[in-house]
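Student: Numbering-wise, the sequence shown is residues 1 to 321 according to UniProt numbering.
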Amino acid sequence: MEVIKISPRGYCYGVVDAMVMARQAAKNLDLPRPIYILGMIVHNSHVTHAFEDEGIITVDGSNRLEILDKIDSGTVIFTAHGVSPEVRRRAREKGLTTVDATCPDVTKTYDLIHEKVAEGCEIIYIGKKGHPEPEGAMGIAPGHVHLIEKEEEISSLTLPADSQIVITNQTTMSQWDIKHIMKKLLETFPGAEVHNEICLATQIRQEAVAEQAGQADLVIVVGDPRSNNSNRLAQVSEEIAGVPAHRIADVSELKAEWLKGISKVAVTSGASTPTPITKEVIAYLEQYDPANPDTWEIKRTVNMAKLLPPVKAKAGQSSQS
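Right, here's the structure in full:
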């Protein structure tokens, strides 16, 4: 089968930085044990399991404060998605050592919110409800950051009269998701200041899918079901390029019926998907022949111990409360 590779370039830099810091923490014997990750460090279960093998415990839950309540000692790693100031304060109060692996793009948005609220602005934040990145954003200035996910929610916004409005967004949103929402917001708040904060790695992947998916009969997005940017890539394929798409966590989730009548399939991956996982999907599809049953069996070949980026032990990545 002919396979078109659409920007399957592995992790984005922010994700790599987060995982490197976590691995350095695991190797740093000066850090108090146990070592926890506050939620999934990136939204990929394969990565989570790889860190478990390194002795790092992922503690998950509905929000970061709730997760933190489960931890009483040791070291806590803040994930690439960021955390609110309240989470940082609570960690200090509990006497925990912290390692901050927040993605620089997320930090940039959080800094923007802090600065603009200090100037007296109200923030309208376009993001996915229940995602940890908007959770952190709203926690920067409770009551001044107003989360919306859909255009129809704009009419229910209640903002102080004569307030200055700043519009920004979750970094992993699709530009096509937020374009019409921003347009409607500017019609409603014509004097608003707009800061589009979609991260470069996410934007490049989305644009590549929009431009190249049309060359294929089907698009396979390799990414975890909890990865917002992976789900958005499938959405871009279907809604922008008009090509059917399936998101799979790895090759084991491929379905034979998807490939019936397909001559060209495109493969891309989310920003938090390990490169070997994506390459395994590509390799399977390249050897797949609908007329040869010998090529149909799916065999896992990835060495799961090799998923994380290599690092050397390094001290000094923590802050002791």
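No residue lacks a Cβ here, since even glycine has one placed at the ideal position from N, Cα and C.
Within its chain, find whatever has a CB closer than 6 Å to the CB of residue 81; leave out the 5 residues flanking it on each side and keep chain order.
Tutor: So the list reads 132 and 133, once near-sequence residues are dropped.
Student: Determine, for residue 89, whether the minimum Cβ-Cβ distance to residues of chain B falls below 8 Å.
Tutor: The structure shown contains no chain B, having only a single protein chain.
Student: Let me know the secondary structure DSSP gives residue 259 once reduced to three states.
Tutor: Note: residue 259 maps to helix in three-state DSSP.
Student: Following the continuous beta strand (DSSP E) through residue 100, name the residue where it begins and the one where it ends.
Tutor: It spans 97-100 - the beta strand (DSSP E) in which residue 100 sits, taken as one unbroken run.
Student: Check for me: the beta strand (DSSP E) holding residue 291 runs from which residue to which?
Tutor: Counting along the chain, residue 291 falls outside any beta strand (DSSP E), and DSSP gives it neither H nor E.
Student: Would you kindly check if the distance between the Cβ of residue 149 and the Cβ of residue 129 is under 8 Å?
Tutor: Cβ distance < 8 Å, so residue 129 and residue 149 count as in contact.
Student: With a floor of 4 residues, list each alpha helix (DSSP H) that falls wholly inside the segment 221-279, ordered by position along the chain.
Tutor: Here the runs fully enclosed are 228-236.
Student: Which runs of the beta strand (DSSP E) spanning at least 3 residues fall entirely within the segment 58-127, listed in chain order?
Tutor: Qualifying beta strand (DSSP E) stretches, in chain order: 75-78, 97-100 and 121-126.
Student: Is the beta carbon of residue 98 less than 8 Å from the beta carbon of residue 76?
Tutor: Yes, these two residues count as a Cβ contact at 8 Å.
Student: State whether the segment 213-222 contacts the segment 231-242, with contact taken as three or more CB pairs (one from each stretch) at a distance under 8 Å.
Tutor: Flag = yes, the segment 213-222 and the segment 231-242 touch.
Student: How long is the line joining the alpha carbons of residue 60 and residue 39, rounded to whole angstroms?
Tutor: Approximately 4 Å, taken between the alpha carbons.
Student: Near residue 2, which residues of its chain fall below 7 Å by C-beta distance, leaving aside the five closest residues on each side in sequence?
Tutor: 263 and 264.
Student: What are the partner residues of residue 169, as DSSP defines its beta bridges?
Tutor: Paired residue(s): 126.
Student: Going by beta carbon distance, what residues of the same chain come within less than 6 Å of residue 319, once the five residues before and after it are set aside?
Tutor: Note that residue 319 scores 46 on pLDDT, short of 50, meaning its location in the model is unreliable; the coordinates nonetheless yield the value given after this. Excluding sequence neighbours, residue 319 sits near 98.
Student: Along the chain, where does the beta strand (DSSP E) that runs through residue 38 open and close?
Tutor: Taken as a continuous stretch (DSSP letters only), the beta strand (DSSP E) holding residue 38 covers 35-38.
Student: List the endpoints of the continuous beta strand (DSSP E) containing residue 4.
Tutor: Per DSSP, residue 4 belongs to the beta strand (DSSP E) from 2-5.
Student: Once you ignore the five residues that flank residue 19 on each side, which residues in its own chain have a CB closer than 6 Å to its CB?
Tutor: Same-chain partners within the cutoff: 308 and 309.
Student: Taking residue 7 as the reference, give the member of 269, 158, 140 and 177 with the closest Cα.
Tutor: Of the candidates 269, 158, 140 and 177, the one whose C-alpha sits nearest the C-alpha of residue 7 is 269.
Student: Considering Cα atoms alone, identify which of 144, 175 and 203 is closest to residue 160.
Tutor: Checking every option, the nearest Cα to that of residue 160 belongs to 144.
Student: When we look at the beta-carbon of residue 228 and count the other beta-carbons within 10 Å, is it buried (16 or more) or exposed?
Tutor: Buried, by the Cβ-count rule.
Student: Going by beta carbon distance, what residues of the same chain come within less than 8 Å of residue 306, once the five residues before and after it are set aside?
Tutor: So the qualifying residues of the chain are 276.
Student: Among 4, 15, 22 and 14, which has the Cα closest to the Cα of residue 311?
Tutor: If we check each option's Cα against that of residue 311, 22 comes out closest.
Student: Leaving out five residues before and five after residue 110 in sequence, what residues of the same chain have Cβ atoms less than 7 Å from its Cβ?
Tutor: Counting only Cβ-Cβ distances below 7 Å, and skipping sequence neighbours, we find 82, 136, 137 and 140.
Student: What is the DSSP secondary structure of residue 147, counted as helix, strand or coil?
Tutor: DSSP places residue 147 in strand when its eight states are reduced to three.
Student: Among 297, 35 and 280, which residue has its Cα nearest to the Cα of residue 248?
Tutor: Closest by alpha carbon: 280.
Student: From this set, 250, 251 and 189, which residue's C-alpha is nearest residue 121's C-alpha?
Tutor: Residue 189 is the option with its Cα nearest to residue 121.
Student: To the nearest angstrom, how far is the alpha carbon of residue 316 from that of residue 102?
Tutor: Note that residue 316 has pLDDT 44, beneath the 50 cutoff, so the model's placement of it is unreliable and no number is given.
Student: Is it buried or exposed for residue 274, if we count other Cβ within 10 angstroms and need 16 for buried?
Tutor: When all chains shown are included, residue 274 counts as buried.
Student: In whole angstroms, what separates the C-alpha of residue 260 from that of residue 290?
Tutor: Between residue 260 and residue 290, the C-alpha separation is close to 7 Å.
Student: Looking only at its chain, what residues have a beta carbon closer than 8 Å to the beta carbon of residue 58, apart from the 5 residues adjacent to it on each side?
Tutor: 36, 37, 39, 40, 41, 48, 51 and 52.
Student: If you count every other CB in all the chains shown that lies within 10 Å of the CB of residue 29, and 16 or more means buried, which is it?
Tutor: Exposed is the call here.
Student: Let me know if residue 245 comes out buried or exposed under the rule of 16 or more other beta-carbons within 10 Å of its beta-carbon.
Tutor: Looking at its Cβ environment, which holds 16 or more other Cβ atoms inside 10 Å, residue 245 is buried.
Student: Which same chain residues, not among the five before or five after residue 154, have their C-beta less than 7 Å away from its C-beta?
Tutor: Here the set comprises 148, 184, 185 and 188.
Student: Buried or exposed for residue 215, going by 16 or more other Cβ atoms inside 10 Å?
Tutor: Per the 10 Å Cβ criterion, exposed.
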